[in-house]
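Count along the sequence shown starting at 1, add 933, and that's the number in my numbering.
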Amino acid sequence: MVVSDITKVQAIEGFMRLCADGWEQGWHERNGGNLTYRMTKDDVEACRPFFYNPRPWVKMEVKAENLAGEYFITTGSGKYFRNVALHPHHNIGIVEINEEGDSWRIVWGLINGAQPTSEFPTHFMNHSVRKAATDGANRVIYHCHATNIIAMTYVVPLTNKAFTKALWQSATECPVVFPEGVGVVPWMVPGGHDIALATSELMKTFQAAVWAQHGLFVSGPDYDTAFGLAHTIEKSADVYCKVMATGHPVLQTITDDNLKAIAKEFGVTLNQDMFD
Ligand code: 13P
Ligand code: ZN
934 MVVSDITKVQ AIEGFMRLCA DGWEQGWHER NGGNLTYRMT KDDVEACRPF FYNPRPWVKM
994 EVKAENLAGE YFITTGSGKY FRNVALHPHH NIGIVEINEE GDSWRIVWGL INGAQPTSEF
1054 PTHFMNHSVR KAATDGANRV IYHCHATNII AMTYVVPLTN KAFTKALWQS ATECPVVFPE
1114 GVGVVPWMVP GGHDIALATS ELMKTFQAAV WAQHGLFVSG PDYDTAFGLA HTIEKSADVY
1174 CKVMATGHPV LQTITDDNLK AIAKEFGVTL NQDMFD
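What follows is the structure, encoded as C-alpha cells:
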C-alpha cells in the first residue's frame, strides 16, 4: 500500500503505539528504555520512498552474519518515549545493516545528528539469537525500566531459577506465557559489548531477560506479543512486591504441582531447570 506519510506504514504506526503504551505504563522516565523492530521486505518497500541519502556506516563492536542486509526501526539514544508520537523523525529512525553484519547506517529519521539507542549492540545481538531460535519469526526487542521488576532485583537472588519461580508463583498466567522462564543478568554497565553478549547468551533459552537494578528486555514476533510479555512479567512483579510489602508471612502460593497442572492443561512444557 502506498501512503503519503511514513507514520501511516503499519510497522512504524505499531512501533509508535508501543512507545506510547510503554510511556503510559510509567516504564520510560526521561530517555529510559528503547525499542527495535526487524523489518520485513514489505515494510522496507513501504518505507523506501521516504528514505534519505544514507548517512555514513558506523561499525559496531558486535557482529551477526544472520542480520546482514536487514533493516531495523530503532528509538534514538537519549530520546524520550513520550516524544515519539509528537516528532517521530527526531526520536526514531530506520537503520540498514551492511553485508558483513557489523555496521549500521541511518536511512530515515534520527535527524539533526541523532543516533540509534545506546543499547543497539544488545538489541542487535538479541535479534540475532532470537531470529535463529525462532526460525526468523522474532522481530521485536523491547527494553523498559519496569518498576516492580527492578525492585525485585534487590530482594530476590539473581538467578534464573529464583526469578522464574517468584514470577510464575505471583500470577497464574505466567507459566503459560513464558514456560521457559526468565533469564537474569547481574548488574553490569549498560550500553556496551559485554552486556550485549551476556544478554544474548540468555536469549538463546529465554524470551525475556531481567537486568539487575536496571530493567527488562523482552522479545517477540510482533509488537503486541512483546509488549504483552513485558506487561505480564511486570504485573506479576507488581503482585510479588505488594505481597512482600504487606510484611505478612506467605500462607499459600502456587505450588509445583499447581504449576505442573497448569502446564498440562494448557499444553506447554515448563523448563525443568526451575524445579528442585
Ligand atoms: P538510550 O536513550 O540510549 O536508548 O538509553 C536508555 C536506556 O534505557 C539505557 O539502558
Ligand atoms: Zn535502560
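We put the beta carbon where it would ideally sit given N, CA and C, even for glycine.
Query                                                                                                                                                           : Result
So does G1125 have its beta carbon nearer than 6 Å to some heavy atom of the ligand ZN?                                                                         : no
Figure out for me which residue from H1060, D976, M972 and R988 has the closest Cα to the Cα of E998.                                                           : H1060
Is it right to say F1208 is buried, meaning 16 or more other beta carbons lie within 10 angstroms of its own, or is it exposed?                                 : exposed
Roughly how many angstroms lie between the CA atoms of M949 and L1184, to the nearest whole one?                                                                : 43 Å
Less than 7 Å between C-beta atoms, sequence neighbours within five positions excluded: which residues of the same chain meet that for K1137?                   : V1062 and A1066
Kindly indicate which residue of Q958, P1108, P989 and P1090 has the alpha-carbon position closest to the one of K1197.                                         : P1108
Give the secondary structure of P1123 by DSSP, where H, G and I count as helix, E and B as strand, and everything else as coil.                                 : coil
Looking at C-alpha atoms only, which residue of H1022, F1014 and M993 is the closest neighbour of I1030?                                                        : M993
Based on Cα-Cα distance, which residue from C980, K974 and D1068 lies nearest to S937?                                                                          : C980
Examine chain D for any beta-carbon lying closer than 7 Å to the beta-carbon of L951, and answer yes or no.                                                     : The structure shown contains no chain D, having only a single protein chain.
Can you tell me the Cα-Cα spacing of A1131 and V1118, whole angstroms?                                                                                          : 7 Å
Report all residues from its chain with a CB closer than 6 Å to the CB of Q1048; omit the five preceding and five following residues, and keep chain order.     : S1010
Do A1084 and V1115 count as a contact pair if the criterion is CB distance below 7 Å?                                                                           : no
When we look at the beta-carbon of N1024 and count the other beta-carbons within 10 Å, is it buried (16 or more) or exposed?                                    : buried
By the three-class DSSP mapping on this structure, what secondary structure does Y1237 have?                                                                    : The question about residue 1237 has no answer here: the residues shown for the chain are numbered 934 through 1209.
Do the stretch 1012-1022 and the stretch 1079-1094 meet, that is, are 3 or more Cβ pairs less than 8 Å apart?                                                   : no
CB-CB under 7 Å to I946, same chain, minus the five flanking residues each way: which ones, in chain order?                                                     : Checking the displayed sequence, the identity of residue 946 turns out to be Glu instead of Ile. Excluding positions up to five away in sequence, the list reads T940.
To the nearest angstrom, how far is the alpha carbon of Y970 from that of K1064?                                                                                : 12 Å
Under the rule that 16 or more other beta-carbon atoms within 10 Å means buried, what is G1200, buried or exposed?                                              : exposed
Taking 6 Å as the cut-off, is the CB of G1148 close to at least one heavy atom of the ligand ZN?                                                                : yes
Buried or exposed for R963, please, with buried defined as at least 16 other CB atoms from any protein chain shown within 10 angstroms of its CB.               : exposed
Rounded to whole angstroms, how far is the Cβ of V1040 from the Cβ of Y1156, which I believe are closer than 8 Å?                                               : Their Cβ separation, rounded to whole angstroms, is 21 Å, which puts V1040 and Y1156 out of contact at 8 Å.
Is S1051 close to the ligand 13P? I mean its beta-carbon at under 6 Å from any heavy atom of the ligand.                                                        : yes
Here's a check: name, in chain order, each residue in its chain whose Cβ is nearer than 7 Å to the Cβ of V1172, leaving out the five neighbours to either side. : S1103 and A1104
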